[in-house]
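In the UniProt record's numbering, the protein residues as written are 1 to 84.
See below for the structure under consideration.
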């Protein structure tokens, strides 16, 4: 499932004050966007569950499946994630 794979950015070098400020602004925008998407997703899931169109267990199973697929791509075989 390629649509779930995060893209890795590569950076080498140092940032000046303007670049740091710009980066901080971009991060703030990303955080706001993530929050808004999370609220929307939660509302949609709650409505689907409320209307008996979806079960919590189905969501949990799909989330685990996607997480396992992502873990395969993010962690090479020699570097498995540690459980806490």
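Note that beta-carbon positions come from the ideal geometry of N, C-alpha and C, so glycine has one too.
As the structure is a prediction and not an experimental result, all values here were calculated from the model.
- DSSP places residue 35 in the helix class (H, G or I) of the three-state scheme.
- The beta carbon of residue 15 is closer than 8 Å to those of 23 in its chain, skipping five residues each way along the sequence.
- 9 Å or more divides the Cβ of residue 45 from the Cβ of residue 66.
- Taken atom to atom, the span from the alpha-carbon of residue 56 to that of residue 68 is near 18 Å.
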